[in-house]
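S.K.: In the numbering used here, the protein residues as written are 29 to 153. Backbone N, C-alpha and C define an ideal beta-carbon position, used for all residues, glycine too. Just dropping this structure here.
Written as C-alpha cells, this is what we have:
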C-alpha cells in the first residue's frame with residue numbers, strides 16, 4: 029500500500045519549508061538558554077580559578093618579603109607576622125567587623141603609619 033505524502037509548500041519569501049521554520053523557532057530559545065548557561069559556568073570557573081586560598085601567600089611573595097625585611101622595607105604581600113618582626117607590635121589594631129580585614133596603626137615621628145591587611149596579608153600601607 030502506498031503512503032500518502034503531503035507536498036512541501038514554500039513561502040515566496042523563504043526557501044525554508046514551514047515545518048522546518050517552526051522547528052527552528054522552537055529551538056532558538058533552547059539554544060540561547062544553553063549558551064547563557066555555558067557562559068555563566070565559564071565565568072564561575074574563571075572566578076574560582078583566579079582566587080587563591082585565603083591566608084596563603086604565593087612563594088615568590090614570601091621570598092620578596094624576606095628580602096624586604098632584611099632591607100627594612102615593607103612590601104605588599106607580607107604576612108602579619110613578617111610585619112611584626114620588622115616593625116614590632118602596632119600601637120593599635122582595628123578589626124573590620126564581618127570580614128578578615130584589619131587596620132594596624134604605628135606611631136611615627138612623621139605621623140601615623142597605617143597598614144591594611146586582608147586575611148593576614150599586607151594589601152596596602
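#1: Have a look at residue 138 and residue 115 and give me their C-alpha separation to the nearest angstrom.
#2: Just mark residue 106 as buried or exposed, buried being the case when its beta carbon has 16 or more other beta carbons within 10 Å.
#3: Taking the alpha-carbon positions, what's the residue 125 to residue 66 distance?
#4: If residue 108 sits next to residue 148, beta carbons under 8 Å apart, how far is it from one beta carbon to the other, in whole angstroms?
#5: For residue 150, name the three-state secondary structure that DSSP assigns.
#6: Is the distance from the Cβ of residue 153 to the Cβ of residue 130 below 8 Å?
#7: Work out the CA separation of residue 142 and residue 112 for me, nearest whole Å.
#8: So residue 113 is in the alpha helix (DSSP H); what residue range does that whole segment cover?
#9: With 16 as the cutoff for other CB atoms within 10 Å, does residue 101 come out buried or exposed?
#10: With 16 other CB atoms within 10 Å as the buried threshold, where does residue 117 fall?
#11: Report yes if the CB atom of residue 133 is closer than 8 Å to the CB atom of residue 120, and no otherwise.
M.R.: Based on what the coordinates show:
#1: Within the chain shown, the letter at position 110 stands for residue 138. Within the chain shown, the letter at position 87 stands for residue 115. Approximately 15 Å between the Cα atoms of the pair.
#2: In the chain shown, residue 106 corresponds to position 78, counting from 1. When all chains shown are included, residue 106 counts as buried.
#3: For this step, residue 125 is matched to residue 97 along the chain shown. For this step, residue 66 is matched to residue 38 along the chain shown. Looking at the two C-alpha atoms, the distance is approximately 36 Å.
#4: Position 80 of the chain shown holds residue 108. Position 120 of the chain shown holds residue 148. That belief holds up - the Cβ atoms of residue 108 and residue 148 are roughly 5 Å apart, short of 8 Å.
#5: Along the chain shown, read from residue 1 onward, the residue named residue 150 stands at position 122. It is a strand residue.
#6: Translated into the one-based positions of the chain shown, residue 153 becomes position 125. Translated into the one-based positions of the chain shown, residue 130 becomes position 102. Their beta carbons are not under 8 Å apart, which means residue 153 does not touch residue 130 by this criterion.
#7: Numbered from 1 along the chain shown, position 84 holds the residue referred to as residue 112. Numbered from 1 along the chain shown, position 114 holds the residue referred to as residue 142. The straight-line gap from Cα to Cα measures roughly 13 Å.
#8: Residue 113 sits at position 85 when you count from the first residue of the chain shown. Run containing residue 113: 108 to 115, per the alpha helix (DSSP H) assignment.
#9: The count along the chain shown starts at 1 and reaches residue 101 at position 73. It counts as exposed.
#10: As a first step, residue 117 must be located in the chain shown, where it is residue number 89. Result: exposed.
#11: In the chain shown, counting from the first residue as 1, residue 133 sits at position 105. In the chain shown, counting from the first residue as 1, residue 120 sits at position 92. It is a contact, given that the beta carbons lie within the stated cut-off.
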